[in-house]
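Colleague: Residue numbers (our numbering), protein chains in the order written: chain A, 1189 to 1291; chain B, 1189 to 1291; chain C, 1189 to 1291; chain D, 1189 to 1291. Note that CB positions come from ideal geometry on N, CA and C, so glycine has one too. Keep in mind that this is a model prediction, so the values were computed, not measured. This structure is in structure tokens; I'll ask about it shortly.
Protein chains: 4
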Amino acid sequence: MSMLLEFSMYPLGQGESVGDYVARSLDIIDRSGVAYRLNPMGTVLEGEWDEVMGVVKQCFDRMSADCGRVSCTMKFDWRKGATGRLTGKVASVERHVGRDLKQ
Amino acid sequence: MSMLLEFSMYPLGQGESVGDYVARSLDIIDRSGVAYRLNPMGTVLEGEWDEVMGVVKQCFDRMSADCGRVSCTMKFDWRKGATGRLTGKVASVERHVGRDLKQ
Amino acid sequence: MSMLLEFSMYPLGQGESVGDYVARSLDIIDRSGVAYRLNPMGTVLEGEWDEVMGVVKQCFDRMSADCGRVSCTMKFDWRKGATGRLTGKVASVERHVGRDLKQ
Amino acid sequence: MSMLLEFSMYPLGQGESVGDYVARSLDIIDRSGVAYRLNPMGTVLEGEWDEVMGVVKQCFDRMSADCGRVSCTMKFDWRKGATGRLTGKVASVERHVGRDLKQ
């Protein structure tokens, strides 16, 4: 559970509103059993490489099945032996700042 | 209020734990008055270009004042005339999926 | 000249091929006088914050003038007092590896 | 050969200069046989998902073997049936702009 990976994936060439495609990915993520949090600019997954990348790959397979072009950004932060960082990182920042922050 | 910008900024060469530096940025963001949400992999700001980039610049000025190397990722999504997307985008995805998601 | 910033900006809702829009940005960049290198996934600029962000802002103003939605990723690496990194970083990696690499 | 993926991976907590770690990744990439181009802010790979992600995974396995924290950004652009985009995308932008650009 030592990797946090945020990703955002969407099709190009399917118009300006891509909510239907994003919703299909979130449905896959939510059913996967992998721990996640959705934010306005992406979804953060927590797990080992194979779990996390397995979910991203499923989303890609689904989107590339009926879209001609797919764009994706990913960013990961791996820390040896760390766990519970999906909620723990924000809590740690709040402790450092000394007050509640908006999340 | 048409731009959502997520960013993550941290120093290189200050050790493995950079919580103190991230906390200083969050303090700047929280006091700025610009709408934001913190997540485990970054902070999402909402506003016009000058507001949003002004906050990022303040964080950079503070961090570069006492760090020799600073790394930052940013990603923005601008939509003409759109407002309230800091909460609206996630709500829209939930409507498309047809159930509550983890955020 | 201590900041390297890579960015990639494109419209959503203008079809699958966005070469015309990217070309307008590159025309702005190339005429700006700011040092840059184009690669298949983005453009790397070198300069101070105001120079570099000024060019990105010009590209954004041009694209948002006739596109309803604009997406952009940026990543910067700032190092105090460093210069000539647009060519120097790749040369340094080659020295470490001990042979020429593809660029 | 339809995916272009750019990535940049480095350790946190190993000091400000991480050239040795980056060089180990480039050695892996260069020996992998997968088509690539190195630029000052990352390396762009071209191939199918499994080839490209296989190389990134090898770099991660090597880096996480002796670093306690690893940070990585990735961005991919997949286009159905497209080939030769490692050189083709830049050439296409140059045609649109109507002159040679710096690469």
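1. In angstroms with no decimal places, state the Cα-to-Cα distance between residue 1206 of chain D and residue 1194 of chain C.
2. Please list, in chain order, the chain A residues whose beta carbon lies closer than 8 Å to that of residue 1257 of chain C.
3. Need the endpoints of the beta strand (DSSP E) that residue 1193 of chain B sits in, please.
4. If the cut is a Cβ gap below 9 Å, which residues of chain C does residue 1267 of chain B touch?
5. Please confirm if residue 1231 of chain D has its CB atom under 7 Å from at least one CB of chain B.
6. Under the assumption that residue 1226 of chain C contacts residue 1232 of chain D (Cβ atoms under 8 Å), give the Cβ distance between them as a whole number of angstroms.
7. In chain B, which residues lie with their C-beta within 8 Å of the C-beta of residue 1179 of chain D?
8. Among residues of its own chain, excluding the 5 on either side of residue 1281 of chain C, which ones have a beta-carbon nearer than 8 Å to its beta-carbon?
9. Am I right that residue 1200 of chain A and residue 1259 of chain A are in contact with their C-beta atoms under 8 Å? What's the rounded C-beta distance?
10. By a C-beta neighbour count over all protein chains shown, 10 Å radius and 16 as the cutoff for buried, is residue 1208 of chain D buried or exposed?
11. Does the beta-carbon of residue 1265 of chain D have 16 or more other beta-carbons within 10 angstroms, so that it is buried, or is it exposed?
12. Within the 7 Å Cβ cut-off, does residue 1290 of chain D reach chain C?
13. Buried or exposed for residue 1235 of chain C, going by 16 or more other Cβ atoms inside 10 Å?
14. Determine the chain C residues that contact residue 1273 of chain D at a beta-carbon separation under 7 Å, and present them in chain order.
15. Determine, using beta carbons only, whether residue 1224 of chain A comes closer than 7 Å to chain B.
16. Looking only at C-alpha atoms, which of B:1284, B:1247, B:1250 and B:1239 sits nearest to residue 1192 of chain B?
17. Using only the alpha-carbon positions, how far apart do residue 1283 of chain A and residue 1274 of chain A sit?
18. Inspect the beta-carbon positions of residue 1250 of chain D and residue 1212 of chain D and report whether they are closer than 7 Å.
19. Report the residue from B:1248, B:1291, B:1272 and B:1263 whose alpha carbon sits nearest the alpha carbon of residue 1268 of chain C.
20. List, in order along the chain, the chain D residues whose C-beta lies closer than 9 Å to that of residue 1278 of chain C?
21. Residue 1287 of chain C by DSSP, collapsed to three states: which one?
22. Could you tell me the alpha carbon to alpha carbon distance between residue 1214 of chain A and residue 1272 of chain B, rounded to whole angstroms?
23. Express the C-alpha separation of residue 1230 of chain A and residue 1202 of chain A in angstroms, rounding to a whole number.
24. Going by DSSP in three states, residue 1262 of chain B sits in which element: helix, strand or coil?
25. Can you tell me which of the three DSSP states residue 1231 of chain A falls into?
26. Could you please give me the residues that DSSP links to residue 1223 of chain D through a beta bridge?
27. Could you pull out every residue in the same chain whose Cβ sits closer than 6 Å to the Cβ of residue 1223 of chain D, ignoring the five residues on either side in sequence?
28. Which residues does DSSP pair with residue 1257 of chain A in a beta bridge?
29. Pick out whichever of A:1286, A:1228 and A:1237 has its Cα sitting closest to the Cα of residue 1197 of chain A.
30. Which residues of chain B have a Cβ atom closer than 8 Å to the Cβ of residue 1207 of chain A, listed in chain order?
31. Please classify residue 1287 of chain A as buried or exposed, where buried requires at least 16 neighbouring CB atoms within 10 angstroms.
32. Taking 7 Å as the threshold (C-beta atoms), are residue 1243 of chain A and residue 1217 of chain A in contact?
33. Between the alpha carbons of residue 1237 of chain C and residue 1221 of chain A, how many angstroms are there, rounded?
34. Roughly how many angstroms lie between the CA atoms of residue 1204 of chain B and residue 1257 of chain D, to the nearest whole one?
35. So for residue 1206 of chain B, helix, strand or coil by DSSP?
Modeller: By the coordinates alone:
1. CA-to-CA, the gap between residue 1206 of chain D and residue 1194 of chain C works out to about 19 Å.
2. The contacting residues are 1204.
3. First-last of the beta strand (DSSP E) with residue 1193 of chain B: 1191 to 1199.
4. What residue 1267 of chain B touches in chain C: 1200, 1256, 1257 and 1258.
5. At least 7 Å separates the CB of residue 1231 of chain D from every CB of chain B.
6. Contact doesn't hold; Cβ gap of about 12 Å is too wide.
7. Nothing can be reported for residue 1179 of chain D: it is not among the residues displayed for chain D, which extend from 1189 to 1291.
8. Exclusion of the five residues before and after residue 1281 of chain C leaves 1289 as the residues of its chain whose Cβ lies within less than 8 Å of its Cβ.
9. Yes, they are in contact, since the Cβ atoms of residue 1200 of chain A and residue 1259 of chain A sit about 6 Å apart, within 8 Å.
10. Counting the other CB atoms within 10 Å of its CB gives residue 1208 of chain D a total below 16, which places it among the exposed residues.
11. Residue 1265 of chain D should be labelled buried.
12. It does: the Cβ of residue 1290 of chain D has a partner Cβ on chain C nearer than 7 Å.
13. Residue 1235 of chain C counts as buried, since at least 16 other C-beta atoms from the protein chains shown sit within 10 angstroms of its C-beta.
14. What residue 1273 of chain D touches in chain C: 1228.
15. Closer than 7 Å: yes.
16. Cα-wise, what sits closest to residue 1192 of chain B is B:1239.
17. Cα to Cα, the separation comes out at about 16 Å.
18. Going by C-beta atoms, residue 1250 of chain D is nearer than 7 Å to residue 1212 of chain D.
19. Nearest to residue 1268 of chain C by C-alpha distance, out of B:1248, B:1291, B:1272 and B:1263, is B:1248.
20. 1226, 1227 and 1228, listed in chain order.
21. In the three-state reduction of the DSSP assignment, residue 1287 of chain C falls in the coil class.
22. Cα to Cα, the separation comes out at about 21 Å.
23. Near 19 Å, if we compare the C-alpha coordinates of residue 1230 of chain A and residue 1202 of chain A.
24. Three-state result, residue 1262 of chain B: strand.
25. Three-state DSSP puts residue 1231 of chain A in a strand.
26. Beta-bridge pairing links residue 1223 of chain D to D:1234.
27. Hits under 6 Å: 1234 and 1274.
28. BP columns for residue 1257 of chain A point to D:1267.
29. In terms of Cα proximity to residue 1197 of chain A, the closest of A:1286, A:1228 and A:1237 is A:1228.
30. The contacting residues are 1280, 1281 and 1284.
31. The residue in question, residue 1287 of chain A, is exposed, as its Cβ has fewer than 16 Cβ neighbours within 10 Å.
32. Yes, they are a contact pair.
33. Taking the Cα positions, residue 1237 of chain C is about 42 Å away from residue 1221 of chain A.
34. Near 7 Å, if we compare the C-alpha coordinates of residue 1257 of chain D and residue 1204 of chain B.
35. The answer is coil: DSSP assigns residue 1206 of chain B none of H, G, I, E or B.
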